[in-house]
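Residue numbers (this note's numbering): 385 to 1326. Structure, as structure tokens:
In structure tokens, the structure reads:
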């Protein structure tokens, strides 16, 4: 603890867990007077060379004065942070505020000297880079804007830490010392560096869990059955390529082997490293297991054990302690209450899960929080049942259970550059950090498809994350903006995944349809129209079509430049000349391989053999049903695929041309529509647009006005004049509405404004409700104005209740709404829609994350269902959408430049054929929510 002379209490909010470059974790926290012994022990383990680099002279030990200096901080002008593993220091950093002459100083001096020391055993793990991010954030919080560091030229590692950080810096060489000075304000480059390091570190932390060189199953019983023994058997039976151990404290001392696996009473007894521990013991025994694993150097845990947050308040606290305990030793956790993890790579072959058999190897990464959903997904993909026929395989699979530590965000970081994964499928019961998820999803979706089923649940039990206040539909819209393929059901998840894993992306929405059933072709045609695709008239090959006819027709369609995708429809045929399933499948596959640039889908009716043949891997293994004579129909029992063993691994080129088959036209076309939309997003993302600069924006003046108004209180809704003034600084003009508490007030206002005018009731229950009759338009003279005033008061009550205003008439146009809100979890969001009950009833609003680019503003205007009203629907005059897009961009700039502006509403905005008029506006100010995406890298706190 700190002494009475210290100026600030211990800043607990500076404590953080971080993932290091190699995927391990460390805890960063302020150094206090209680750390004297730890500091001395740490320093003794540092090499003489590192000490020399730190102090520029031989410095074998710390004096009592040194220890006092390095452990007594005021947390303002003198701050020290330590990175710890297992409670012991592995690195330290400190800053001392200095004045212009380089001597110790206090505020308002805004420069500080910074120095690091990292234990040699932990150098190269990115510890110093993580500490620099955190000490820089602390310094900014304390009003320090610039760091200075003096480094010996030979200390190239530390020079690299500073130069690679991405801050704006200056470099000098004087008296044999390199002096570096750099501003602490985050730059685009520093944020890019930070996020690249985050991706590599979090990806490697997951890789340590999914590709371990050795695994210990803790809690494996001697008798078959039980969770621990089942996991052990599953790992062994999958042919795990690493070293496997069975651990149970109840084993007899003379037991050396269990089911062919080396057996031990404790992980400490294992002679050699253990990379991953699968924990399947009762919850009250887990703490001891974690301690033993941490002391043995285990890198990560998969906790199958239940009895945590899902069981109530006591379990939630037990879960938080589990995470804290594991992170103390630098370990990450999947779980608790997890189903397990799977890696089908030939170099790993890990099935550390409750799934009794290994999924087929393939190119799909699969994530689910729920164990029940995990079983359903694996079963659907493996068995080719539940309607989606055809097989595709899994590269890696994680079911995270309570998701106490490793989350979907971590898996996205891993799959982003995993060479074995082409498509990512995720079932998310909730999104704990939407801001980070959308950022990671946008980057990943630019490289490979990301398909998500998003539940409507709250944050996982035990999580202390900010809850979003955005509606579920809004979050879904923002996910789509980030390139996520958002679907509603597990069936749709698998349908889209099968197509994306096997076929190229379509170049556009044009669809050719061919097959041996006119009716099925028309159903497919109608489904395409319903999904917004552009189908050609179906080509009916008749029921007499042979495999050669299908081959020729498909080849012709694929060579036709007027289509982007081909859907083949097939029904069972009768007659000796009808093609067999294997024959037809080979005809379709050979045509698709001859023209490989376009996707091909099959809609089939009761053709289990065809679906299986279409998805058959190119291998020497006999295919089920291959002995069926050509033209023979399969019995239902023959349509079932084998479920007792996995198919042999397939090469990516062979599987990439497997043709997905669907039992219903609607399902095939829905998957195709998602692929078309995603492909268009990929093309748009390649040219994301820009955030325009407007010369008439007064950012400085707006900041001064906001600061002055916030000085009056923590949160306030601005008055009319203040709202108009603030919006005006961003080039947003609001038409004045003059209060009229008497008829004479209304006349005077109209005389000042000029006729024609509008008279409106602005009471809360009448505002923006023209349908209730509280608005009178086009009042051309005083007589009409007085008559309208009388009508309003007779209908709705006294002026004090109505709050009538007089406003100049705006040019006729389409009434719209523009809103912006700062969500604590998702960030700033701009929304747009048409005004009126129809749009409100349908929820027809579109949303974009801030900052909005010019391309995003254009797409925002066009993405609502009622957008045709803006573009000349039914012969009406098109309105000035470029002016509307500019308004959206200006609102985006306002909330992006000033996060204190937590809500803006412009309603109505009348968009005319030339120009627009903002007739009503409100602005709310408040201290902005903290932005964890701009701060240093941290793991979530529980």
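Every residue, glycine too, gets a C-beta built ideally from N, C-alpha and C.
Within 10 angstroms of the beta-carbon of residue 1217 lie 16 or more other beta-carbons, which makes it buried. Residue environment for residue 613: buried (at least 16 other C-beta atoms within 10 angstroms of its C-beta). Remark: C-beta atoms of residue 660 and residue 682 approach each other more closely than 9 Å.
CA-to-CA, the gap between residue 601 and residue 658 works out to about 10 Å. From the listed residues 821, 1110 and 1188, the smallest Cα separation to residue 1134 is found for 1188.
Taking the Cα positions, residue 1136 is about 12 Å away from residue 1121.
Contact check for residue 562 and residue 555: beta-carbon distance about 7 Å, within the 8 Å limit, so the pair qualifies.
Residue 1262 is positioned such that its CB atom lies closer than 9 Å to that of residue 1255.
At a Cβ-Cβ threshold of 9 Å, residue 1293 and residue 1285 do not count as neighbours. Between the region 1177 to 1192 and the region 1247 to 1254, the count of Cβ pairs shorter than 8 Å is below three; the stretches do not touch.
Residue 650 and residue 447 have their C-alpha atoms roughly 42 Å apart. Counting along the chain, residue 900 sits inside no beta strand (DSSP E), nor does DSSP assign it H or E at all. Scanning its chain for C-beta atoms nearer than 8 Å, with the 5 sequence neighbours on each side dropped, one finds around residue 861 the residues 1230 and 1231, in chain order.
Residue 1194 and residue 859 have their C-alpha atoms roughly 34 Å apart. At a cut-off of 4 residues, the continuous stretches assigned as alpha helix (DSSP H) that sit fully inside the region 1208 to 1292 are 1221 to 1226, 1238 to 1246 and 1265 to 1281. Secondary structure of residue 571 (DSSP, three-state): coil. Separation of the CB atoms of residue 939 and residue 978 is rounded to 6 Å, and the pair is thereby assigned contact status at 8 Å. Selection 513, 760, 1307 and 1324 evaluated against residue 1103 yields 1307 as nearest (Cα-Cα). With at least 16 other beta carbons inside 10 angstroms of its own, residue 890 counts as buried.
Cβ-Cβ separation between residue 692 and residue 702: approximately 6 Å, consistent with a contact (criterion under 8 Å). Pairwise C-beta distances place the region 1082 to 1102 out of contact with the region 1143 to 1151, as fewer than three of them are shorter than 8 Å.
Residue 494 is a Cβ neighbour of residue 529, given a cutoff of 9 Å. Distance from the CA atom of residue 986 to the CA atom of residue 1321, rounded to whole angstroms, is 46 Å. The DSSP-derived three-state label of residue 635 is coil. Rounded to whole angstroms, the separation of the alpha carbons of residue 796 and residue 402 is 18 Å. In the DSSP assignment, no residue is bridged to residue 715.
Counting C-beta pairs closer than 8 Å gives three or more between the region 409 to 420 and the region 465 to 484, which meets the contact rule. In the structure shown, the three-state DSSP call for residue 685 is strand. Looking at the backbone, the Cα of residue 895 and that of residue 948 are separated by about 6 Å.
Judged by DSSP in its simplified three-state form, residue 818 adopts helix. The residue among 488, 717, 507 and 609 with its C-alpha nearest the C-alpha of residue 542 is 507. With the rule of 3 Cβ pairs closer than 8 Å, the region 585 to 602 counts as touching the region 791 to 808.
Per the C-alpha coordinates, the member of 704, 887 and 596 positioned closest to residue 1324 is 704.
For residue 735, the secondary structure class from DSSP, reduced to helix, strand or coil, is strand. Counting only the Cα atoms, residue 477 lies some 7 Å from residue 519. Residue 711 sits buried, since 16 or more C-beta atoms from the chains shown fall within 10 Å of its C-beta.
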